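Right under this line is the structure:
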């Protein structure tokens, strides 16, 4: 399946069978290499928080798995963001910018390979977030992120959606080799990316966002 450039889609992060985060994005490219998404400032989102609006990542996982939650309507408030989802690989690479639109860092999000879906009136890509991440500066220095959180959750296998922590870390180590070699996409590609000025997103998350998770 290929998604047409300029099309608005839903990028859904799952925690097992539940949506944890949803971003509205615009397809920049979609080809045999993968999917490139543009998330402009103000893009509508859904974020799973406690019913009292506490962030779930601010509490111990033992509390999270028992707290009542809901999806809250929010929006992307940071500078516009570019996301690269390589086809068939268990990570994505995010390109962060500052307020002036200048590239500031890469962010490697370890996740199950994205699965595209198209229901006609709405389309998207679904991933399962694996929590462990890598932050990469423009000089390609890197560091792991959320290692303690990842280890904490692995101790609850009956509740955690990641079954093989070693495989997740191995994928991260594979990407680190690309980082250190300055290989694609850490070779400067897309660091100066500019979106088509005609691209827009709706003010609300499109209907159909709650369809079942897509699976390979």
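In full-length UniProt numbering, the protein residues as written are 1 to 216.
By construction, the Cβ of each residue, glycine as well, lies at the ideal position given by its N, Cα and C atoms.
Keep in mind the model is a prediction, meaning the values are calculated, not measured.
Residue 27 is a Cβ neighbour of residue 35, given a cutoff of 9 Å. The stretch 9-25 makes contact with the stretch 193-210, as at least three CB pairs between them are under 8 Å. By alpha-carbon distance to residue 211, the top candidate from 61, 112, 194, 116 is 116. Just so you know, the alpha carbons of residue 65 and residue 153 end up roughly 10 Å apart. The DSSP assignment places 147-154 as complete runs of the alpha helix (DSSP H) inside the stretch 132-169, in order along the chain (cut-off: 4 residues). The three-state secondary structure of residue 73, taken from DSSP, is strand.
Residue 88 counts as exposed, since fewer than 16 other beta carbons sit within 10 angstroms of its beta carbon. The beta carbon of residue 58 lies closer than 6 Å to none in the same chain, with the five residues before and after it left out. Residue 138 has its alpha-carbon roughly 19 Å from the corresponding atom of residue 174. Relative to the Cα of residue 146, the nearest Cα in the group 121, 140, 168 belongs to 168. When 151, 86, 198, 17 are compared, the shortest CA-CA separation from residue 7 is found for 198. Distance check between residue 93 and each of 190, 200, 70 places 190 closest, using alpha-carbon atoms only.
In this structure, residue 3 and residue 30 form a Cβ contact; the two beta carbons are roughly 5 Å apart against a cut-off of 8 Å.
Note on residue 73: under 16 other CB atoms within 10 angstroms of its CB, so exposed under the neighbour-count rule. In the DSSP assignment, residue 106 falls within the beta strand (DSSP E) that extends over 103-111.
Non-local beta-carbon contacts of residue 83 in its own chain, meaning distances under 6 Å to residues more than five positions away in sequence, involve 37, 92, 94 in chain order.
Here the C-alpha atom of residue 102 lies approximately 7 Å from the C-alpha atom of residue 192.
The residues 153, 154, in chain order, have a CB closer than 7 Å to that of residue 160 in the same chain once the five nearest residues on each side in sequence are set aside.
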